[in-house]
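In the working numbering, the protein residues as written are 33 to 1264.
Right, here's the structure in full:
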């Protein structure tokens, strides 16, 4: 941390640009500019000379306007900034921002408090920056981008993001002992810096939206086309397009404004808040006036938290489903007053987040529940989520980029047509005005104005269908991307398995000796493990119902005890607030020991932390002066925190047995605290979580959800890379993965372990093959140690997958970045992963070229859900901003549904794009052919094609539903510019050209044919016009049918009733127009119908032949020969553009990697764990004999027997998971 002292570093003051890191997948750069008078004058002159067209161009490209009117300069002297945001190195966006000077001198207050204004004018503003600088200034320079404020740091000579009190602030400074709130002057000064505590979603006025919509390049081009058509005399067509454009603009404005109002309604909340001032005066202020540092009083129940704040007194129970999608109530406890820096992750159980709902608060006596504000507005967690919605990552940028490139190709074709028209017309002596109109008309035909609107049809229909399936999407741009998904990451607990675990039983430990397992919990009510199960949880009563983590609920219910809320009746029994009171059941016989206990109070809670993998409580039994601390968590961590003599030597065998069968195993420990009541509340967490007495294991049955196995099977059959990312034990995760199908019985699991060794800079990496799970092992097949040699000799002949923990993942990224990609490609199980590590893995997979979906249900998955291409949250909250997709049905059936709808939407977008392109090129072709005789299509002929055929088909095109059967292995194409797409369009346009050419030339061979000579009275009426027009009508219908692709991504075309009906009806109408049109139709369309029926019939034959040829080309040549046969034959994986395919190919042919380790890794362990690992086989046999009668599965002894080598250790076991995340307070590091 540095403190500003006003010294300026001249060496860095001339820096013209800098990097600002805003996220793991964004690279933001800031460039300095200042105004150039000469450039500005020249540009203003160009505005006048071009009648504003240059200014309109700069409206579309503001960065070019900046270059045109400003010059580059040092950031320190810049007045404007160009910000480039490079998303994943593939997509750039630009922002032009003004640098503003913020000062106390020119401030004005809403209430015009002149005395307050005078008071603050002579005071400095306190600035807290992300780079660690804390300073006080009279004024500063800043800019705002993506709702974040960046301030110029004069000590570092760069811009740094403004942060609240969540950075570089001591916990002791946040506590009440530091100060009792801000004065009005301090509050006003901080409000100048941080602004109002509001998450403002801009709702633009109808006038602004109208202007922005009209100035869109699409509508500007539309205006150009209308002018050309009006000059051409196409009055009906011009009027129809104006009506369509107005409808499009109005509907777009209504939809945009509705979305803005809905989002504002979701995030906006203004409350009246009680604030404590430094003179201990309490006043009520609007929540928008809150600033970091304010001390607020929390209401007793049912209120919205309006800022991010740390709890100082009492307790608070919150519902955080709005932010996390997880509806389990969360208990917040007061922030300890310690002389360490506040950390938002470590202190999350003391932090309340904006947008969450207070269920109830608790306090001791009549004291209020107080909290200190640390973040406001867009600096809050909720604010950052809303900013991510307002500025979403360009999810489907690849499709967009390809469509823009294709429009570029169309523009080139239009230019060629433009030149051709001018040359041919000039050669025939046509007037200049007529040539100009005809040439410009070509441009309007080639580039279809309705293309952007048509492209959204598939996504909108898919969004509606997903909503019917109770899957809600807040960003429909993600739908197309979800159609490309080829990698799915699942959380385990609550996603693949049931939230509510079933209690299997407990394995008690007394004086370092394991007892027999017990299924009926109350039988052991005199054992300390039973007392631990009573108290070590964060349960609460809400409306008389037990609420909290489902695991805690099951554990507590199995004891039969009663939980009560703390109230004033209990206050005289305890020295301070006890969050929960526990009482034995009435009319129940207990042992003598438990009969003495009438009540237990939980006086302090240390909430579960996924990074620490444990939780703790401090309790006091009524009538006793002794305080006890109970800690429960992952067995590995509890072992490392326990006294060596209290841990049984055969504990690892017991643990392995249960985890390999998929049971969730939790360990429990306790310690007695010598401190008195005054010191208890001030004890740091690590002071009680050490030197524990190990009490035993709690075994929970983790059942799979019913749809899990069939869904995983479907995904794997579709060749989708399926991974499990969990915070659970690795053996449990592997067992569940095998049970649900993420790991098949044919796949070997290789544990990847990275171990830091003493006196070595580079840690060692080990690959150990795991043993078969006894739950899945067959009686007649055993996995023998001798097979290790076979695997080593021929690793490529077996199917293997990797399993590793978060600790190994972290070390891999730091020390072995070159093999991280291989681990990702062959990885299946990533256990003991923290929230950040989950997000890192998802981003790593995306970098390899995978299209990644993440499916999870809790707060621990939020980062990964937002980072993935398609995040799917299992939540009851429709308005959750945790991920793009939210499924109200809490199982993974939503994953294939989202993929199927995404594939249908993607295929629809491709089909509509190809249809619109071939329509415009077919119309262009007709016009070019007729231009050769100075004819053209008539006004109403254009109108019939565009409105009755094209708009009609495009509207119903996307109503074809997604294919409901099994997902196929190959996802749809993602590139419009692929060989298949280009070849398909080219071959179809060649066919269209041939058939229109045949019609044009054949009609001239009939005896009744008369050549066309242009006359204003007859217009464009001629036999060539009739022939080309009639053939082209059927060609549009043909294109609509062949590009409306059915299975395997969508249902068959006939299931789309509206589309099929419109095809049939319009085919009949077109046949009628061709064969025997009424005189009024002839007059409207200005047709010159041949006198004989033979040519009319021939046109129908030509149209049918055209249809058959196109259908054969698309179905057989394109879809069968090219896509299925030739592509797979000539496609070489080693030369693939996608890195994961190259790596997969390399792994299949690499005989030398991975080299399997013959020895087990040696980990730095606590002495207690070292004690466990020196276990001989004889001790294992003793344990087996003792417990065999209590355990149902008889394979246990066989499993032990089959691996009785290697000094008593399992040959393929990986004991590194005993300590896969070493706690910060471990101080007994040894080696075995």
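Here a beta-carbon is modelled for each residue, glycine too, at the ideal position from N, C-alpha and C.
Which same chain residues, not among the five before or five after residue 1106, have their C-beta less than 7 Å away from its C-beta?
By one-based count along the chain shown, residue 1106 stands at place 1074. Taken in chain order, the residues that qualify are 1062, 1128, 1131 and 1132.
According to DSSP, simplified to helix, strand and coil, what is residue 1240?
In the chain shown, counting from the first residue as 1, residue 1240 sits at position 1208. Only weak support exists for where residue 1240 lies, its pLDDT of 36 falling under 50; the coordinates are left without a value.
Any idea if residue 260 is buried or exposed, counting beta-carbon neighbours within 10 angstroms, 16 or more meaning buried?
To locate residue 260, count along the chain shown from 1; it is residue 228. Its Cβ being crowded by 16 or more others within 10 Å, residue 260 is buried.
So, helix, strand or coil for residue 261, using DSSP?
By 1-based counting over the chain shown, the position of residue 261 is 229. Three-state result, residue 261: helix.
Does the Cβ of residue 325 have 16 or more other Cβ atoms within 10 Å, making it buried, or fewer, making it exposed?
Against the chain shown, residue 325 aligns to sequence position 293. Buried, by the Cβ-count rule.
Taking only the alpha-carbon atoms, compute the straight-line gap between residue 784 and residue 800 and give it to the nearest angstrom.
Here residue 784 refers to the residue found at position 752 of the chain shown. Here residue 800 refers to the residue found at position 768 of the chain shown. Near 7 Å, if we compare the C-alpha coordinates of residue 800 and residue 784.
How is residue 134 classed by DSSP in three states: helix, strand or coil?
One-based indexing of the chain shown puts residue 134 at position 102. Three-state result, residue 134: strand.
Residue 1044 (DSSP reduced to helix, strand or coil)
The residue you call residue 1044 lines up with position 1012 of the chain shown. Residue 1044: coil per DSSP, three-state reduction.
Three-state secondary structure (DSSP) of residue 1247
What you label residue 1247 is simply residue 1215 of the chain shown in a count that begins at 1. Unreliable placement is indicated for residue 1247, whose pLDDT of 32 sits below 50; no coordinate value is reported for it.
How many whole angstroms separate the CB atoms of residue 724 and residue 674, which I take to be in contact at a CB cut-off of 8 Å?
Taking the chain shown and counting its residues from 1, one reaches residue 724 at position 692. Taking the chain shown and counting its residues from 1, one reaches residue 674 at position 642. Right, the Cβ-Cβ distance comes to about 4 Å (below 8 Å), so this counts as a contact.
Report the start-end ranges of each beta strand (DSSP E) in the segment 748-786 that is 3 residues or longer and not cut off at the edges.
Segments of the beta strand (DSSP E) lying fully in the segment 748-786: 753-757.
Under 7 Å, do residue 837 and residue 762 count as touching if we go by C-beta distance?
Translated into the one-based positions of the chain shown, residue 837 becomes position 805. Translated into the one-based positions of the chain shown, residue 762 becomes position 730. When the beta-carbon positions are compared, residue 837 and residue 762 come within less than 7 Å of each other.
Count the other CB atoms, across all protein chains shown, that sit within 10 Å of the CB of residue 471; report buried if there are 16 or more and exposed otherwise.
Residue 471 sits at position 439 when you count from the first residue of the chain shown. Residue 471 should be labelled buried.
Residue 344 and residue 404 closer than 7 Å at C-beta:
Taking the chain shown and counting its residues from 1, one reaches residue 344 at position 312. Taking the chain shown and counting its residues from 1, one reaches residue 404 at position 372. Yes, they are a contact pair.
Quick one: grab the DSSP three-state call for residue 349.
Numbered from 1 along the chain shown, position 317 holds the residue referred to as residue 349. Three-state DSSP puts residue 349 in a strand.
Does the contact criterion of 3 or more C-beta pairs under 8 Å hold for the segment 418-427 versus the segment 186-194?
The answer is no - the segment 186-194 does not touch the segment 418-427, with fewer than three Cβ pairs under 8 Å.
What runs of the beta strand (DSSP E), each 3 residues or longer, lie entirely inside the segment 690-726?
696-705
Answer yes or no: do residue 1070 and residue 1142 have a C-beta to C-beta separation smaller than 7 Å?
Indexing the chain shown from 1 puts residue 1070 at position 1038. Indexing the chain shown from 1 puts residue 1142 at position 1110. Going by C-beta atoms, residue 1070 is nearer than 7 Å to residue 1142.
Inter-residue CB distance, residue 363 and residue 570 (contact presumed, cutoff 8 Å):
For the purposes of this step, residue 363 is taken as the residue at position 331 of the chain shown. For the purposes of this step, residue 570 is taken as the residue at position 538 of the chain shown. About 5 Å separates the two Cβ atoms, so the contact holds.
Look up residue 304 in the DSSP assignment and give the residues it is bridged to.
For this step, residue 304 is matched to residue 272 along the chain shown. BP columns for residue 304 point to 318.
In terms of alpha-carbon separation, which member of 1099, 1108, 423 and 225 lies closest to residue 119?
Counted from its first residue, the chain shown places residue 119 at position 87. Comparing Cα positions, the closest option is 423.
Beta-carbon spacing of residue 367, residue 401 below 7 Å:
The residue given as residue 367 occupies position 335 in the chain shown. The residue given as residue 401 occupies position 369 in the chain shown. Contact: no.
Go through its chain and collect everything with a Cβ distance to residue 971's Cβ below 6 Å, but skip five positions before and after it.
By one-based count along the chain shown, residue 971 stands at place 939. Same-chain partners within the cutoff: 266, 268 and 269.
At 4 residues or longer, and completely inside the segment 1148-1179: list those alpha helix (DSSP H) runs for me, N to C.
Those alpha helix (DSSP H) runs which fall completely within the segment 1148-1179 and span 4+ residues are 1159-1162.
Classification of residue 85 by the beta-carbon crowding that lies within 10 angstroms, buried from 16 upward:
Reading the chain shown from its first residue, position 53 is the one you call residue 85. Under this definition residue 85 is an exposed residue.
Close Cβ partners of residue 746 (< 7 Å) along its chain, the five nearest in sequence each way excluded
Residue mapping note: residue 746 aligns to position 714 of the chain shown, counting from 1. 928, 998 and 999, listed in sequence order.
By how many angstroms is the C-alpha of residue 796 removed from the C-alpha of residue 1189?
Here residue 1189 is taken as the residue at index 1157 of the chain shown, counted from 1. Here residue 796 is taken as the residue at index 764 of the chain shown, counted from 1. One C-alpha to the other measures close to 11 Å.
Using beta carbons (cut-off 7 Å, strictly below), is residue 1026 in contact with chain C?
Looking at the structure shown, chain C is missing, and only one protein chain is on hand.
Straight-line gap, residue 282 to residue 1098 (C-alpha atoms, nearest Å):
On the chain shown, position 250 is the one that residue 282 refers to. On the chain shown, position 1066 is the one that residue 1098 refers to. Distance between the alpha carbons of residue 282 and residue 1098 is about 29 Å.
Residue 1206 versus residue 788 - alpha carbon distance
Here residue 1206 refers to the residue found at position 1174 of the chain shown. Here residue 788 refers to the residue found at position 756 of the chain shown. Note on residue 1206: pLDDT 47, under 50, position unreliable in the model; no value is reported.
Over what stretch of residues does the alpha helix (DSSP H) that includes residue 594 continue unbroken?
Here residue 594 refers to the residue found at position 562 when the chain shown is read from its first residue. No alpha helix (DSSP H) contains residue 594, which is instead part of the beta strand (DSSP E) from 594-597.
If you follow the alpha helix (DSSP H) that residue 108 is in, where does it begin and where does it stop?
Here residue 108 corresponds to residue number 76 of the chain shown, with the count starting at 1. From DSSP, residue 108 is part of no alpha helix (DSSP H); its letter is neither H nor E.
Any idea which residues DSSP pairs residue 845 with across the strands?
By 1-based counting over the chain shown, the position of residue 845 is 813. In DSSP, residue 845 forms no bridge with anything.
Thinking residue 886 and residue 505 are a contact (beta carbons under 8 Å), I'd like their distance in whole angstroms, please.
Position 854 of the chain shown holds residue 886. Position 473 of the chain shown holds residue 505. In fact, because the Cβ distance is near 15 Å, the residues do not count as touching under 8 Å.
Any idea which residues DSSP pairs residue 127 with across the strands?
Counted from its first residue, the chain shown places residue 127 at position 95. Per DSSP, 115.
Should residue 226 go down as buried or exposed, given a rule of 16 or more other Cβ atoms within 10 Å for buried?
Residue mapping note: residue 226 aligns to position 194 of the chain shown, counting from 1. Taking all protein chains in view, the Cβ of residue 226 is crowded by 16 or more other Cβ atoms within 10 Å, so the residue is classified as buried.
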